[in-house]
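All remarks here apply to the structure that follows.
Residue numbers (the working numbering), protein chains in the order written: chain A, 12 to 344; chain B, 223 to 693.
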């Protein structure tokens, strides 16, 4: 017997991870934007992500759509619980998404669209982090409906995860720029990447600690025999990844810091998965309880098996077309 | 203390507002993506530079429209959950996978190849670039396929059963996807998108022809758009009629509201003008054509048409809105057919590029498709009330457990943000359309292009030629 909810949980987790990494670096560019000198440097930074940001963001639609399709109960519980941060995130993404086109069309108002690009990216990243924090700390459920309040998502912990994600995305964005640009812009990016690296690692430690303190169940998972054997490679890998990142930023080839930053994101995500499994609404609803009926999950799975490899294929192709350092003035505008 | 409307009404307003904004962009980008594919194909086939110029001209506009469609659509994909959580829980097993297929087969295709289409001119060869353009065009059509399937299922649900917790469970996917109203709705919507684009393209072409009737790209736009109007607008009338017959069969309440008909009548009249009054259950100030509604709907002079009184008051859609939205859509449809026929006549006379009245009319009708699409959407969505899933799930029972102030607050923020962002977007798009399409000819220009913006004609020309406005 195939465990469809389990397969969907992994697929959904993979989609969200891909989203976080891909949109993470282009949101990170938005977060770093005000620190870049206006003019050519900003144009280049923007053009380094212009051909791919749209595809990156589609993974967010897949995350939402996949949750709706495979786990409708979880979707119906989480969306009202995260109402405010999700709507703020969407509006942030609206402001940011149009900036890609608008800033080129209007010299007089370019500073405003640059500002909306930054604020949109910042708000989207912050709200995603806040939503993550609110998700980890759990939501009130009564039967099949959300039973909590309008402001439940706002806690010191969720604000911390929000800020952490902003710093983490900035790290992804900065290391992306190190990889994709040359000269002065690359030097600036490298400087930011070092600061963000320190911040990101500090937040990984801080949040891991806070999570254990917040939810006693997580302590059992991480510190009990024999699961300890299976889970300890994760923190060890984080230490190694940190060293790799730092080394890359000082001595490595231009692409390696970006890969190291991605590794840290993947490891944090795996750590989170270990803590939360098998809950899709933490400590309330498991993936099996929230699962859509078998015929719905299997119907979509068939198409996913065919389409997902194709998507990964042409996405990789699109990235390959735009490989290498981005040259100044390389827009279509 | 300020009295807020109910959370349900506010959530409906929010959904209506956000989807009304959203639908404008796909209605345009579906048609434009196909148009771009045709233009690039013609350029590759004939080698005529004018097609390439026209392609690049509309590519910039497409990027703008598509960007706005993406961000407004992103909002839609989460709004089901935030404001309509109960609906999501209950219908998720049916419409969730369909929307999942939309993301997998359409969104990724569009987004994945959009980058190559926009930025890949110097990175890939013409054939690969053309494939990317085709993929984007297919993506927009796949997207329409799935979304219309979802919407049609909500209108004419089929192929399901209901389980013990009240969820819709699929019995037959084929019946769900190809539900009774789906083929009509899909054809009607895709034709509407093509017509919408054709009238915008034709209007822009006409605008520039009025300034310079020798402008080749403008001639291409104008001529192609009016072929589309002449061929597709009459086809749309037929599709609309068939769709109406389907609605009569599956959603007679909607038809009764469209006709402003309260009493079931043999040989029902067609009400040209009137004000349906739901309180008094009659249509005031009606100007009627006797027996015509029966003739159109039942293809029988004295055919029976059901009136709204057949159903309890709480099960009826609000007639006034549906009645008038429908008439606005039909009037625009007639105007579109008229312009198409007129253009055929002008073509036969050889005056297509000289008839200034025709060109001015085309400019006037440029935004007509958007109005028709919006009114058509209102007819179909308001006509479905008071249900989200027709006859099965009431709108009032679909709502999230959210409070009115929360919905009101977010609605207000949406309104402000949308008017700023999309207002600016429409302004920039119009400005792109005001730029004269300039054929890339060798040597110095023989005519001075006229443009509203730009200080000197020479400066305007350089701007136009490269299309780079920010330099």
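Don't be surprised by glycine CBs; every beta carbon is placed ideally from N, CA and C.
Just so it is clear, the structure is predicted and the values come from calculations on it, not from any experiment.
Query, Result
"Member of 584(B), 315(B), 462(B), 542(B) whose CA lies at the smallest distance from the CA of residue 428(B)", "584(B)"
"Residue 526(B) in three-state terms, based on DSSP", "strand"
"Among 230(B), 246(B), 439(B), 423(B), the one whose alpha carbon lies nearest that of residue 660(B)", "439(B)"
"With 16 other Cβ atoms within 10 Å as the buried cut-off, status of residue 620(B)", "buried"
"Distance between residue 452(B) and residue 550(B) (C-alpha atoms, nearest Å)", "20 Å"
"C-beta atoms of residue 169(A) and residue 135(A) nearer than 9 Å", "no"
"Alpha-carbon to alpha-carbon, residue 275(B) and residue 332(A)", "24 Å"
"Chain-ordered chain A contacts of residue 304(B) [CB-CB under 7 Å]", "90, 91, 94, 97, 98"
"From 126(A), 17(A), 158(A), 92(A), residue whose alpha carbon lies closest to that of residue 141(A)", "92(A)"
"Neighbour flag for residue 240(A) against chain B, beta carbons, 9 Å", "no"
"Closer than 7 Å at the beta carbon, the chain B residues around residue 109(A)", "289, 290, 293, 643, 647"
"Continuous beta strand (DSSP E) stretch holding residue 504(B): start and end", "504-511"
"Beta-carbon spacing of residue 519(B), residue 470(B) below 9 Å", "yes"
"The stretch 357-377 of chain B contacting the stretch 72-90 of chain A, beta-carbon criterion three pairs below 8 Å", "no"
"Partner residues on chain B for residue 51(A), Cβ-Cβ distance less than 9 Å", "Near residue 51(A) there are no residues of chain B at all, since even the closest Cβ is about 12 Å away, more than 9 Å."
"Interface flag, residue 177(B) vs chain A, CB-CB below 9 Å", "No answer is possible for residue 177(B): it lies beyond the span of chain B, which begins at 223 and ends at 693."
"The stretch 49-57 of chain A contacting the stretch 282-302 of chain A, beta-carbon criterion three pairs below 8 Å", "no"
"Residue 685(B), DSSP secondary structure in three states", "For residue 685(B), the predicted structure reports a pLDDT of 40, less than 50, and the residue's modelled location is therefore unreliable. The matter cannot be settled from this model."
"Close-in-space but distant-in-sequence residues of the same chain around residue 285(A) (CB under 8 Å, 5 per side omitted)", "232, 233, 242, 245"
"Residue 402(B) (DSSP reduced to helix, strand or coil)", "coil"
"Burial state of residue 441(B), where buried means 16 or more other Cβ atoms lie within 10 Å", "buried"
"For residue 499(B): DSSP bridge partner residues", "504(B)"
"The alpha helix (DSSP H) enclosing residue 134(A), as first and last residue numbers", "121-148"
"Neighbour flag for residue 30(A) against chain C, beta carbons, 9 Å", "Here the protein chains are A and B, and chain C is not one of them."
"Other residues of its chain near residue 337(B): CB distance less than 6 Å, five sequence neighbours each side excluded", "none"
"Near-chain B residues of the stretch 289-316 of chain A (beta-carbon distance less than 7 Å), N- to C-terminal order", "303, 304, 306, 307, 310, 311, 314, 315"
"Classification of residue 507(B) by the beta-carbon crowding that lies within 10 angstroms, buried from 16 upward", "exposed"
"Rounded straight-line distance, which links the Cα of residue 175(A) to that of residue 217(A)", "9 Å"
"Residue-chain proximity (residue 389(B), chain A), Cβ-Cβ < 9 Å", "yes"
"Entirely enclosed alpha helix (DSSP H) segments - the stretch 184-236 of chain A, minimum 4 residues", "194-225, 227-234"
"9 Å Cβ cutoff, residue 718(B) in contact with chain A", "Since the first residue of chain B shown is 223 and the last is 693, residue 718(B) is not available in this structure."
"Contact the stretch 113-122 of chain A vs the stretch 27-37 of chain A: 3+ CB pairs below 8 Å", "no"
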